[in-house]
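Here the numbering used here runs 227 ahead of the position in the sequence shown, where the first position is 1.
We put the beta carbon where it would ideally sit given N, CA and C, even for glycine.
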Amino acid sequence: MRLKGRMMTLRTALERCALITIPVFALAGYGISAPKTVTGLKSVVGVDLVGARGATPADQRKIDRTVVGLCAAAVWSKADCARHGGRQDVSS
């Protein structure tokens, strides 16, 4: 009888482990992958931000153009994009 109790405990432990591990591995496959090339990254982010310090209106336009790319590629959330622009009426 003792062996049966141990086997049931082991089986329960393995079932619990499987119930936790399988979804973790399945969800791990749905992570965000990096761009395949530097060109792909540049197409999303752009190169306007290079050299911008935010000190002048021209610098702010460079920052805004970079943010537009990040928002268009859904790198930032809609709330983040709205917060950058000071707008709350970002369309879906």
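{"Item": "Buried or exposed (CB count within 10 angstroms, at least 16 for buried), V265", "Value": "exposed"}
{"Item": "N-terminal and C-terminal residue of the alpha helix (DSSP H) that D307 is part of", "Value": "305 to 312"}
{"Item": "Pairwise C-alpha distance: A299 and A279", "Value": "20 Å"}
{"Item": "Check whether G273 and G296 have beta carbons under 7 Å apart", "Value": "yes"}
{"Item": "Distance, K305 Cα to K269 Cα", "Value": "21 Å"}
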